[in-house]
Amino acid sequence: MKKLLAIILFTTTVTFAQQKTPPPPGPARPLNLPKITEKKLANGLTVVLAPLPNVPKISSILTFRSATTASDRDAHPGIAQIAAAVANEGTDTRTSKQIKEELRSIGGTLSLGSDADSTTMTASSLSEFSSRLFDLMSDVAQHPSFPQTEVKLAQENTIQQIRAGRADPGFLANERFQKAIFGNHPYGFVVPDEKSISALTPADLKAFVGKYFIPNASHLIVVGDIDVDKTFAEIEKAFAGWKSGTVPPDENPPVPRREKRQIYFVNRPGSIQSAIYIGNASIPRKDKDYFAIRTADTIYGGSFYSRLTRNIRETKGYTYSPFSSSNTRAKTGSFLAGAFVRNEVTGPTLLEIFYELDRMRVLPVTDEELSAAKEYSNGNFSVELASQFGLAGRINTIYTYDLDKNFINDFRPKIEALTTADIQRAAAKYFDTYRAAIVIVGDWDKVKDQVTPFGDVTMYDAEGKVITK
Amino acid sequence: MRRLLVSWLVMCLAVLMLLANVSYAHAKPLNIPVVYYKLPNGLKVAISEDHIAPVVAVAVYYNVGFRLEPKGRTGFAHLFEHMMFQGSANVKKFEHAKFVEANGGSLNGHTDFDYTNYYQTLPSNRVELGLWLESDRMRSLDISEENLKNQQAVVSEEVRVNVLNQPYQFFEWISLWENAFTNWNNSHNGYGDLAEINAATIDDVRSFFKTYYAPNNAVLTVVGDVDVNEVKKMVEKHFANIPSQPMPPRPDLTEPPQTKEKRVSQTDKLAKLPALAVGYHLPPQNSPDFPAMALLVQILQGDDSSRWYQRLVKEKELTLDLTGGLNYFGNEFDYTGPMIMTTRTTYKTGHTADEVIREMDAVVADIASKGVTEKELADAKVRYRSNFYSQLESSFGKAHLLSALALFRDDPQQINTLLTPFENVTAAQIKAAAAKYLVATNRTVIDRVPEAKTDK
Numbered sequence: 000m001k002k003l004l005a006i007i008l009f010t011t012t013v014t015f016a017q018q019k020t021p022p023p024p025g026p027a028r029p030l031n032l033p034k035i036t037e038k039k040l041a042n043g044l045t046v047v048l049a050p051l052p053n054v055p056k057i058s059s060i061l062t063f064r065s066a067t068t069a070s071d072r073d074a075h076p077g078i079a080q081i082a083a084a085v086a087n088e089g090t091d092t093r094t095s096k097q098i099k100e101e102l103r104s105i106g107g108t109l110s111l112g113s114d115a116d117s118t119t120m121t122a123s124s125l126s127e128f129s130s131r132l133f134d135l136m137s138d139v140a141q142h143p144s145f146p147q148t149e150v151k152l153a154q155e156n157t158i159q160q161i162r163a164g165r166a167d168p169g170f171l172a173n174e175r176f177q178k179a180i181f182g183n184h185p186y187g188f189v190v191p192d193e194k195s196i197s198a199l200t201p202a203d204l205k206a207f208v209g210k211y212f213i214p215n216a217s218h219l220i221v222v223g224d225i226d227v228d229k230t231f232a233e234i235e236k237a238f239a240g241w242k243s244g245t246v247p248p249d250e251n252p253p254v255p256r257r258e259k260r261q262i263y264f265v266n267r268p269g270s271i272q273s274a275i276y277i278g279n280a281s282i283p284r285k286d287k288d289y290f291a292i293r294t295a296d297t298i299y300g301g302s303f304y305s306r307l308t309r310n311i312r313e314t315k316g317y318t319y320s321p322f323s324s325s326n327t328r329a330k331t332g333s334f335l336a337g338a339f340v341r342n343e344v345t346g347p348t349l350l351e352i353f354y355e356l357d358r359m360r361v362l363p364v365t366d367e368e369l370s371a372a373k374e375y376s377n378g379n380f381s382v383e384l385a386s387q388f389g390l391a392g393r394i395n396t397i398y399t400y401d402l403d404k405n406f407i408n409d410f411r412p413k414i415e416a417l418t419t420a421d422i423q424r425a426a427a428k429y430f431d432t433y434r435a436a437i438v439i440v441g442d443w444d445k446v447k448d449q450v451t452p453f454g455d456v457t458m459y460d461a462e463g464k465v466i467t468k
Numbered sequence: 000m001r002r003l004l005v006s007w008l009v010m011c012l013a014v015l016m017l018l019a020n021v022s023y024a025h026a027k028p029l030n031i032p033v034v035y036y037k038l039p040n041g042l043k044v045a046i047s048e049d050h051i052a053p054v055v056a057v058a059v060y061y062n063v064g065f066r067l068e069p070k071g072r073t074g075f076a077h078l079f080e081h082m083m084f085q086g087s088a089n090v091k092k093f094e095h096a097k098f099v100e101a102n103g104g105s106l107n108g109h110t111d112f113d114y115t116n117y118y119q120t121l122p123s124n125r126v127e128l129g130l131w132l133e134s135d136r137m138r139s140l141d142i143s144e145e146n147l148k149n150q151q152a153v154v155s156e157e158v159r160v161n162v163l164n165q166p167y168q169f170f171e172w173i174s175l176w177e178n179a180f181t182n183w184n185n186s187h188n189g190y191g192d193l194a195e196i197n198a199a200t201i202d203d204v205r206s207f208f209k210t211y212y213a214p215n216n217a218v219l220t221v222v223g224d225v226d227v228n229e230v231k232k233m234v235e236k237h238f239a240n241i242p243s244q245p246m247p248p249r250p251d252l253t254e255p256p257q258t259k260e261k262r263v264s265q266t267d268k269l270a271k272l273p274a275l276a277v278g279y280h281l282p283p284q285n286s287p288d289f290p291a292m293a294l295l296v297q298i299l300q301g302d303d304s305s306r307w308y309q310r311l312v313k314e315k316e317l318t319l320d321l322t323g324g325l326n327y328f329g330n331e332f333d334y335t336g337p338m339i340m341t342t343r344t345t346y347k348t349g350h351t352a353d354e355v356i357r358e359m360d361a362v363v364a365d366i367a368s369k370g371v372t373e374k375e376l377a378d379a380k381v382r383y384r385s386n387f388y389s390q391l392e393s394s395f396g397k398a399h400l401l402s403a404l405a406l407f408r409d410d411p412q413q414i415n416t417l418l419t420p421f422e423n424v425t426a427a428q429i430k431a432a433a434a435k436y437l438v439a440t441n442r443t444v445i446d447r448v449p450e451a452k453t454d455k
């Protein structure tokens with residue numbers, strides 16, 4: 000009775016008139032593409048400015064293109080990461096606390112991070128305090144002092160944070176995936192080992208920054224509520240004294256090629272899910288297939304209405320958030336598909352991930368799918384350009400990877416030009432199921448029978464050591 | 000609701016009059032245009048034009064969150080949120096995502112303490128698509144046994160990936176709330192117990208939809224590169240004939256005052272390092288103490304210059320990190336029930352929770368006795384203003400704030416004056432707030448340590 004009542008009440012709400020088909024779009028609105036100005040300082044620093052006065056703030060990225068996790072890696076593994084972590088903890092004239100307090104008083108942020116292609120300083124403040132932010136950025140770029148106490152604290156805390164991270168299946172899966180794809184290449188580096196971290200001295204870090212933080216291999220992007228001329232004058236004043244240096248040779252060798260499909264199993268006894276990452280190396284950022292693989296990814300698993308999500312989430316209920324991503328860097332990139340699934344469906348999930356990858360390789364996508372993926376890319380590109388850090392980040396990739404300066408204006412035409420044949424060709428080449436690395440973080444005893452049909456297994460513990468099954 | 004609004008305004012006025020002759024370096028006044036009205040069926044509508052980019056955010060916020068889910072059905076409000084993507088009279092299962100993405104947009108939903116939202120960002124010439132999609136599911140959600148089963152499986156995996164298979168298991172939210180609050184509506188696990196998530200029936204879904212997903216319990220917000228008058232016509236066309244529903248009385252959400260400190264010890268099978276979570280009950284948002292508390296939270300743990308961060312991470316080197324804030328999931332404006340300020344910190348092996356608490360208390364005692372400096376307060380206000388602007392940067396960010404102000408205060412126009420009470424806080428008010436609220440009897444502490452390994 001109760002049930003019947005509920006149904007009647009429910010159906011009464013659907014008797015009103017409602018439109019049955021989606022309304023058509025209105026006329027297209029102007030794109031408002033950003034106006035980007037590039038300038039250069041006498042010391043070689045490239046400065047790129049783009050007004051975006053959506054809020055009274057500025058957002059900035061300063062990229063040191065030579066300071067990569069490959070730099071000095073043989074002598075000092077991990078030095079780029081620790082240098083980035085400690086550079087804003089003291090300069091010749093400011094203590095760590097003074098830097099943090101100055102940031103608070105300008106409503107600002109300033110942090111550094113490094114990867115295998117560059118080190119970036121990311122900073123922001125209220126626009127009324129822009130000159131103070133530039134002074135601080137310049138000071139951290141030129142005069143980090145690496146105080147002994149700050150270096151020691153960062154060493155201890157980094158070691159502890161990495162230990163804590165080894166409890167997280169996502170951290171373990173990513174670390175093993177990068178190593179599986181890139182081996183001993185700098186791109187395979189995720190976090191340094193404890194011995195390497197402990198061995199670093201303030202003198203090492205100072206020497207590293209002196210050699211690699213140089214204006215003639217760096218670029219500064221500033222986006223926000225700015226006046227181009229006034230802002231450039233502030234930047235010139237703050238950064239003019241930064242001395243140029245000798246640009247070090249590129250320390251990233253070519254990337255090794257994988258020859259066969261292989262399972263890398265990180266054993267996590269007691270795990271109630273398997274974290275699955277599947278993929279392979281792909282293309283450098285500048286490669287002509289960038290747009291094709293990006294769009295193939297959107298259709299495969301990179302958007303919500305993707306094939307992978309419809310299959311293993313909406314149809315089968317194996318997982319909450321299946322994903323795929325195309326990550327492209329200077330020398331090469333990677334394509335990755337994955338999901339976190341309950342133990343019982345580990346094998347079936349591997350089967351479906353491979354089925355959907357192979358379907359993309361063997362059969363063309365439909366015209367409807369391609370047209371939807373194009374709209375998705377173009378629409379979301381507009382959203383990205385409407386945020387200060389979105390636009391700054393996009394400009395940063397142009398300068399970090401030496402892309403065509405018209406990248407932003409050419410984005411739509413390049414997406415529009417793609418055909419279903421382009422997508423299939425890119426998928427056939429880069430969704431390389433035959434040589435895929437399969438990384439699983441889970442409970443070996445619970446899932447081994449589901450996993451072994453997919454390839455030879457090498458097993459690791461959470462510390463990354465090879466262990467016997 | 001109305002009472003809260005009136006008190007809020009009275010409070011703002013009182014503070015303004017009190018400080019009329021004190022001047023601060025204030026922000027340029029905001030001038031965000033907001034059109035706000037209600038349809039005859041009770042739907043609140045807020046529209047704000049912003050032509051900086053050819054995009055629009057379309058959001059619907061329902062006045063129901065974890066707190067109002069039925070007893071024996073923890074996690075239900077969130078499970079229901081998933082059901083809103085399972086189709087309606089004219090939109091098949093999961094096609095909402097297809098329509099939005101194939102038209103250049105992105106979409107999501109979120110369940111919170113006091114609201115559940117659904118939103119899409121679209122190219123602005125597709126605004127009517129967003130309105131049509133939201134109206135179709137508000138009017139005629141399609142609920143089937145098969146789709147419920149599917150989403151119960153999906154949500155179970157969500158709980159496994161974000162809670163059960165993770166170190167710490169979200170203890171600074173789930174366990175802290177369970178211990179800090181005594182009223183079930185506030186204290187229960189909003190992500191849900193797996194057994195209760197999977198016990199939900201199709202009748203539960205229908206009844207929840209009927210009760211809470213009515214136009215008179217929602218706000219529709221549109222922000223972006225659109226024409227207000229055109230949007231008003233579209234809203235009328237798609238939403239005006241959705242019938243309103245009688246609203247059930249809201250359960251009593253009040254909490255009895257806490258009189259004794261609560262201390263809880265937990266062990267963690269997965270974590271490698273010990274961690275601590277602390278929650279202090281906050282004054283209600285309409286209390287004259289609230290803006291001072293918000294600034295005090297900023298001064299204590301808002302950034303790396305904050306007092307607790309400097310003391311725990313830098314000076315005493317006791318902890319690795321410090322996170323938390325005034326509202327675990329959101330901000331000062333997007334909730335309405337009782338709230339705690341949370342602090343979470345991972346501390347170093349070889350130290351104890353008591354050591355960490357002692358240092359936190361010493362910092363509070365210093366503020367409660369000596370107060371904060373004028374510069375510290377002025378800087379905290381700059382930081383506060385800067386963070387506030389960041390919330391307004393995207394069309395969705397603005398839509399979020401407008402929706403919360405419409406839902407909980409019936410006045411989204413307040414977006415332009417929202418900072419004022421916070422800019423007017425004095426050092427004396429900060430000192431008094433520290434002494435009044437940051438006392439042991441008003442807090443809950445959870446110490447969570449790695450489970451001892453049997454092989455050691």
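Just so you know, the sequences run in chain order Y and R. With the first letter of the first sequence counted as 1, position 28 gets the number 27 in numbering that gives the first Met the number 0; the numbers rise by one all the way through. With the first letter of the second sequence counted as 1, position 375 gets the number 374 in numbering that gives the first Met the number 0; the numbers rise by one all the way through. Cβ atoms here follow ideal geometry from the backbone N, Cα and C, with glycine treated the same way.
Burial state of L362/Y, where buried means 16 or more other Cβ atoms lie within 10 Å: Counting from one through the first sequence, the residue named residue 362/Y turns up at place 363. L362/Y comes out exposed.
What runs of the beta strand (DSSP E), each 3 residues or longer, lie entirely inside the segment 293-377 of chain Y? 322-327 and 332-341
Can you check whether the C-beta of A371/Y is within less than 7 Å of a C-beta belonging to chain R? In the first sequence, counting from the first residue as 1, residue 371/Y sits at position 372. For A371/Y, the answer is yes, since a Cβ of chain R falls inside 7 Å of its Cβ.
Three or more beta-carbon pairs under 8 Å between the segment 53-61 of chain R and the segment 114-130 of chain R, yes or no? yes
Taking DSSP's pairing of strands, which residues face L219/Y in a bridge? Within the first sequence, residue 219/Y is the residue found at index 220, counting from 1. Paired residue(s): V46/Y and L61/Y.
Under the three-state reduction of DSSP, which class applies to K34/Y: helix, strand or coil? Taking the first residue of the first sequence as position 1, residue 34/Y is located at position 35. DSSP places K34/Y in coil when its eight states are reduced to three.
Less than 7 Å between CB atoms is the rule here; does K19/Y satisfy it with respect to chain R? Within the first sequence, the letter at position 20 stands for residue 19/Y. Cβ-Cβ to chain R under 7 Å: yes for K19/Y.
Give the list of continuous beta strand (DSSP E) stretches no shorter than 3 residues that lie fully inside the segment 239-279 of chain Y. For secondary structure counted as the beta strand (DSSP E) over 3 or more consecutive residues, the segment 239-279 of chain Y holds these complete runs in sequence order: 261-266.
Distance between beta carbons of K468/Y and M458/Y, contact taken as under 8 Å: Position 459 of the first sequence, counting from 1, holds the residue named residue 458/Y. Position 469 of the first sequence, counting from 1, holds the residue named residue 468/Y. Contact flag correct, Cβ pair sits at about 5 Å.
Just checking, does the segment 320-331 of chain R make contact with the segment 282-299 of chain R on the three C-beta pairs under 8 Å criterion? The segment 320-331 of chain R makes contact with the segment 282-299 of chain R, as at least three CB pairs between them are under 8 Å.
If you follow the beta strand (DSSP E) that R408/R is in, where does it begin and where does it stop? One-based indexing of the second sequence puts residue 408/R at position 409. Not the beta strand (DSSP E): R408/R falls in the alpha helix (DSSP H), residues S394 to R408.
Do A372/Y and I352/Y count as a contact pair if the criterion is CB distance below 7 Å? On the first sequence, residue 352/Y is found 353 positions in, with the first residue counted as 1. On the first sequence, residue 372/Y is found 373 positions in, with the first residue counted as 1. Result no, Cβ atoms of I352/Y and A372/Y do not sit closer than 7 Å.
DSSP three-state label for L111/Y, please. Counted from its first residue, the first sequence places residue 111/Y at position 112. Strand, per DSSP.
Exposed unless 16 or more other CB atoms sit within 10 angstroms - verdict on T440/R: Within the second sequence, the letter at position 441 stands for residue 440/R. The residue is exposed, with fewer than 16 neighbouring Cβ atoms inside 10 Å.
How about the segment 142-158 of chain R and the segment 33-50 of chain Y: do they share at least three Cβ pairs that are nearer than 8 Å? no
Kindly list the residues whose CB is nearer than 8 Å to the CB of W131/R, restricted to its own chain and excluding five residues on each side of it in sequence; keep chain order. Counted from its first residue, the second sequence places residue 131/R at position 132. If we look at W131/R and ignore the five residues flanking it on each side, its Cβ neighbours are H237.
For the 8 Å Cβ check, are there 3 or more pairs between the segment 342-349 of chain R and the segment 416-429 of chain R? In this structure the segment 342-349 of chain R does not touch the segment 416-429 of chain R; the number of beta carbon pairs closer than 8 Å is below three.
Using a C-beta to C-beta distance shorter than 9 Å, which residues of chain Y count as neighbours of G323/R? Taking the first residue of the second sequence as position 1, residue 323/R is located at position 324. The CB of G323/R never comes closer than 9 Å to any CB in chain Y; the least such distance is about 17 Å.
Within 7 Å of chain R by C-beta, residues of the segment 160-178 of chain Y in sequence order: Q160, R162, A163, R165, A166, D167 and P168
Do P214/Y and V150/Y have their beta-carbon atoms positioned less than 7 Å apart in this structure? As a working note, residue 150/Y is residue 151 in the first sequence. As a working note, residue 214/Y is residue 215 in the first sequence. No, these two residues do not count as a Cβ contact at 7 Å.
Using Cβ-Cβ distances below 8 Å, what residues of the segment 328-341 of chain R are close to chain Y? Cβ contacts with chain Y come from no residue of the segment 328-341 of chain R.
DSSP puts Y461/R in a beta bridge; with which residues? Outside the displayed range of chain R (0 to 455) lies residue 461/R, so it cannot be described from this structure.
Assess contact between the segment 194-212 of chain Y and the segment 72-83 of chain Y, defined as three or more Cβ pairs (one per stretch) separated by less than 8 Å. Is contact present? Contact between the segment 194-212 of chain Y and the segment 72-83 of chain Y is established, with three or more Cβ pairs separated by less than 8 Å.
Out of D167/Y, A329/Y, I234/Y and E368/Y, state which residue places its alpha-carbon closest to the alpha-carbon of S270/Y. Walking along the first sequence from the start, residue 270/Y turns up at place 271. Closest option to S270/Y, Cα to Cα, is D167/Y.
Run through chain Y and tell me which residues come within less than 7 Å of V54/R, C-beta to C-beta. Taking the second sequence and counting its residues from 1, the one referred to as residue 54/R is at position 55. S381, V382 and A385, listed in chain order.
Report the rounded CA-to-CA distance for A435/Y versus F289/R, giving the unit in angstroms. Translated into the one-based positions of the first sequence, residue 435/Y becomes position 436. Translated into the one-based positions of the second sequence, residue 289/R becomes position 290. Those two C-alpha atoms are separated by around 56 Å.
Beta-carbon proximity check, A96/R vs F322/Y, cutoff 7 Å: Numbered from its first residue, the second sequence carries residue 96/R at position 97. Numbered from its first residue, the first sequence carries residue 322/Y at position 323. Contact flag unset, no.
Mind listing the chain R neighbours of N53/Y? Cutoff is C-beta to C-beta under 7 Å, in chain order. For the purposes of this step, residue 53/Y is taken as the residue at position 54 of the first sequence. I51 and E392, listed in chain order.
With a CB to CB cut of under 6 Å and the five nearest residues on each side skipped, what residues in its chain are close to N184/R? Here the question's residue 184/R lines up with position 185 in the second sequence. Result list for N184/R: R66, P250 and L252, in chain order.
If contact is defined by three or more beta carbon pairs under 8 Å, each pair taking one atom from either stretch, is the segment 340-351 of chain Y in contact with the segment 449-463 of chain Y? yes
How would you write the range of the alpha helix (DSSP H) that M137/R sits in, first residue to last? Mapped onto the second sequence, residue 137/R falls at position 138. Taken as a continuous stretch (DSSP letters only), the alpha helix (DSSP H) holding M137/R covers V126 to S139.
Taking Cβ positions, are L163/R and I201/R nearer each other than 7 Å? Here residue 163/R is taken as the residue at index 164 of the second sequence, counted from 1. Here residue 201/R is taken as the residue at index 202 of the second sequence, counted from 1. Contact check for L163/R against I201/R fails: the beta carbons are separated by 7 Å or more.
Hey, would you say A140/Y sits closer than 7 Å to F212/Y, going by beta carbons? Here residue 140/Y refers to the residue found at position 141 when the first sequence is read from its first residue. Here residue 212/Y refers to the residue found at position 213 when the first sequence is read from its first residue. Taking C-beta atoms as the reference points, A140/Y and F212/Y count as a pair closer than 7 Å.
Strictly under 7 Å for the Cβ-Cβ distance: is A461/Y near chain R by that measure? Numbered from its first residue, the first sequence carries residue 461/Y at position 462. Cβ-Cβ to chain R under 7 Å: no for A461/Y.
Among D134/Y, D442/Y, L307/Y and L417/Y, nearest to R93/Y - alpha-carbon criterion: Indexing the first sequence from 1 puts residue 93/Y at position 94. Among D134/Y, D442/Y, L307/Y and L417/Y, the Cα nearest to that of R93/Y belongs to D134/Y.
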